[in-house]
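Q:
Chains as they are written, first to last, in my numbering: chain A, 1 to 321; chain B, 1 to 306.
1. In whole angstroms, give me the CA-to-CA distance for residue 271 of chain B and residue 274 of chain A.
2. Look up residue 301 of chain B in the DSSP assignment and say whether it is helix, strand or coil.
3. Does DSSP put residue 288 of chain A in a helix, a strand or coil?
4. Tell me whether residue 240 of chain A sits in a helix, a strand or coil according to DSSP, three-state version.
5. Report the option in B/225, B/268 and B/59 whose CA atom is closest to the CA atom of residue 121 of chain B.
6. In terms of DSSP beta bridges, what is residue 134 of chain B paired with?
7. Scan the region 189-231 of chain A and note each continuous alpha helix (DSSP H) run of 4 residues or more that stays entirely inside, going in chain order.
8. Specify whether the region 7-18 of chain B and the region 238-250 of chain B touch according to this definition: at least 3 beta carbon pairs, one from each stretch, less than 8 Å apart.
9. What distance in whole Å lies between the Cβ atoms of residue 223 of chain A and residue 50 of chain A, which are believed to be in contact at a cut-off of 8 Å?
10. I want to know whether the region 60-70 of chain A touches the region 79-96 of chain A - three or more CB-CB distances under 8 Å.
11. Within the chosen definition, does the region 95-104 of chain B reach the region 296-306 of chain A through at least 3 CB pairs nearer than 8 Å?
12. Which residue from A/291, A/250, A/292 and A/242 puts its Cα closest to that of residue 77 of chain A?
13. I'd like to confirm something about residue 42 of chain B: is its beta-carbon nearer than 7 Å to some heavy atom of the ligand MG, or not?
14. Name the chain A residues that come within less than 8 Å of residue 286 of chain B, Cβ to Cβ?
15. By DSSP, does residue 84 of chain A sit in helix, in strand, or in coil?
16. For residue 276 of chain B, collect the residues of the same chain with a Cβ closer than 7 Å to its Cβ; drop the 5 residues on either side in sequence, then sort them by chain order.
17. Looking only at its own chain, which residues have a Cβ that is under 8 Å from the Cβ of residue 300 of chain B, when we skip the five neighbours before and after it?
18. Given residue 280 of chain B, which residues of its chain have a CB within under 7 Å of its CB, disregarding the five upstream and five downstream residues?
19. Measure the C-alpha to C-alpha separation of residue 187 of chain B and residue 32 of chain A and round it to an integer number of angstroms.
20. Between the region 162-192 of chain B and chain E, which residues of the former have CB atoms less than 7 Å from a CB of the latter, in chain order?
21. What do you reckon, are the CB atoms on residue 67 of chain B and residue 200 of chain B nearer than 8 Å?
22. Would you say residue 297 of chain B reaches chain A, if we count a Cβ-Cβ gap shorter than 8 Å as a contact?
23. Under 7 Å, CB to CB, which of the residues in the region 85-101 of chain B have a partner in chain A?
24. Taking residue 290 of chain A as the query, report the chain B residues whose CB atoms sit under 8 Å from its CB, ordered along the chain.
25. Going along the chain, which residues of the region 231-247 of chain B sit with their C-beta nearer than 9 Å to a C-beta in chain A?
26. Can you tell which of A/154, A/13, A/210 and A/285 has its C-alpha closest to the C-alpha of residue 79 of chain A?
27. Looking at the C-beta of residue 256 of chain A, does it have a partner C-beta in chain B at a distance below 8 Å?
28. Counting Cβ pairs, one atom from each stretch, are 3 or more of them under 8 Å apart for the region 221-237 of chain A and the region 173-193 of chain A?
29. For chain A, check one thing: does any of its Cβ atoms lie closer than 8 Å to the Cβ of residue 21 of chain B?
30. Measure the alpha-carbon distance for residue 296 of chain B versus residue 110 of chain A and round it to whole angstroms.
31. For the alpha helix (DSSP H) containing residue 38 of chain A, list its first residue and its last residue.
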């Protein structure tokens, strides 16, 4: 089942090609004179980072967390709240966004990981809902209406995030970093235990691994990466609101991971790009795009379980075979 | 003060019974078919919208409700036959994703058919009065009747599951699916029936909530997540657990919202209490869930054989 990860597999080559194209995107946007492209793709990159973090626990660890968007909200609110108090330094905002996400992930994970299977799905969903209501309850910071951010995170004279292209490249760099980090983690001893615990937790425990601790560590790392994507999202939208962590967002993240191919290095990248492109295209065709998207999703689940990543590998296999 | 407590406990009981109607369907479907059905909240919503529509056509709340129940049952059965049936052998992640797709579909379909604004379901004259439950204490008739209907359904479910042949099959199916199939029971039919029953229960909850909250798109989702909490607390697959947990959750939610602000004012100053109270009271049930998880991860009344 678990093939040795080869960096030159067709899906990874496709991913590398996509990353190169993404690096050139601002140039295309300039040539086509449509700066909107940069905004659209920045959003995709940020979601890809969030999906990458979810892939670590969902794809490799088998933990179906239905509350992952809560870290987008937490990371976003840390940036928003600090900005509203006049603290704009990214050196403070971003690490704190990551740290607070880690704290939430630690407490929530410690409780949720006591359970398995369908209990785990429902409980992560319920805790995310709780955090959502905490956001709604933040009356000082806009409550339900959200909070506008007037200044993006500042990194002194080093980076000017208000420049859309600079921000785009920061997101791209962080995405590549996240993909690489998860790839390395999964290949490490830690990742072996995590994957082993996915396929047979009892056996892993029997041979002496305290899998609970490994799974919790994975859960916290995923929360931290996703918290960073939340900080990016807050900067991108210049606005935070509880809607960022609405449970549908968590569902969307799962869809991205599954669509791209669970437990594959490049899956989240494919998934996030494909999901948001389909969303964008369908919503241009009809206002009621979800009436098409919902059944489409069901069809993907029923007939295309391996996701986009496996599609590339299948094409390769067919050519060889 | 005692009057307020009485009123709030009745409100809590009412929310608890609505939650029970949803949670019973969810827990039956999960217990028997091993299916995680996120789209259960959609049946709640569809029940409310259909009832509002039928009530508009027939000019009668009761007729509208009576028509909406079989109609939603039909929607549930069709959904089961077209989509969910193929999901039973799949893992929970597939089920979550596919039923997530169903929610998107149903929400959008409702928006397409009924528009984004939502619908109100006016009460008939005889239900929009209030009753004197204690000397000088009046309580809305309609809310009392929700409590009555909820309790009646609970009794009906108890009799159905414990005392009838269908109930025997449901219980047998919950503890060993392969075995009752081997004994010659038509499992497909049983599954479809149970799913339809769950959909009708959800519709009943939805149409009873509609006069108070109005029928809105997405109305089923918050209450669906609450019913997940109920199921987790009660123990998945157990109707008795769902009943007890639904009442506890309904009570804590309502009573917490009503009295926590007062209570916090004893410790905090007025402004701090006013901001902290709503957040804490909406977190109360999740804290309860966390506590139950620590003490009894399998829930209060775990179903046998799970």
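For each residue, glycine too, the CB sits at the ideal point set by N, CA and C.
A: Once the coordinates are examined:
1. As the crow flies, the alpha-carbon of residue 271 of chain B is around 47 Å from that of residue 274 of chain A.
2. Of the three classes helix, strand and coil, the one that applies to residue 301 of chain B here is coil, per DSSP.
3. It is coil, neither helix nor strand.
4. Three-state DSSP puts residue 240 of chain A in a strand.
5. Residue 121 of chain B has its Cα closest to that of B/59, out of B/225, B/268 and B/59.
6. The partner list for residue 134 of chain B (beta bridge, DSSP) reads B/137.
7. Segments of the alpha helix (DSSP H) lying fully in the region 189-231 of chain A: 189-199 and 201-206.
8. When Cβ pairs closer than 8 Å are counted between the two stretches, the region 7-18 of chain B is seen to touch the region 238-250 of chain B, the count reaching three or more.
9. Taking 8 Å as the upper bound for CB-CB distance, residue 50 of chain A and residue 223 of chain A are not in contact here, some 11 Å apart.
10. Counting Cβ pairs under 8 Å, fewer than three are found: no touch.
11. Touching, yes.
12. That would be A/242, whose Cα lies nearest to the Cα of residue 77 of chain A.
13. No copy of the ligand MG appears in this structure; indeed no ligand is present at all.
14. Going along chain A in sequence order, the residues near residue 286 of chain B (Cβ under 8 Å) are 126, 127, 129 and 130.
15. Note: residue 84 of chain A maps to helix in three-state DSSP.
16. Cβ neighbours of residue 276 of chain B beyond the five flanking positions: 264 and 268.
17. Apart from sequence neighbours up to five positions away, the residues of its chain that approach residue 300 of chain B with a beta-carbon distance below 8 Å are 233, 234, 235, 241, 244, 245 and 292, ordered along the chain.
18. Excluding residues within five positions, the ones whose Cβ falls inside 7 Å are 260.
19. Looking at the backbone, the Cα of residue 187 of chain B and that of residue 32 of chain A are separated by about 59 Å.
20. You won't find chain E in this structure, because its protein chains are A and B.
21. In terms of Cβ geometry, residue 67 of chain B and residue 200 of chain B do not form a close pair [threshold 8 Å].
22. Answer yes: the Cβ-Cβ gap between residue 297 of chain B and chain A drops below 8 Å somewhere.
23. Cβ proximity to chain A below 7 Å picks out 86, 92, 93, 94, 96, 97, 98, 100 and 101 from the region 85-101 of chain B.
24. 104, 105, 107 and 108, listed in chain order.
25. Listed in sequence order: 231, 232 and 236.
26. Minimum Cα-Cα distance from residue 79 of chain A among the listed residues A/154, A/13, A/210 and A/285 corresponds to A/154.
27. Residue 256 of chain A has a beta carbon lying at 8 Å or more from every beta carbon in chain B.
28. Result yes; three or more Cβ-Cβ pairs closer than 8 Å.
29. For residue 21 of chain B, the answer is no, since every Cβ of chain A falls outside 8 Å of its Cβ.
30. Straight across, the Cα-Cα distance linking residue 296 of chain B with residue 110 of chain A is about 15 Å.
31. Per DSSP, the continuous alpha helix (DSSP H) segment holding residue 38 of chain A begins and ends at 36-55.
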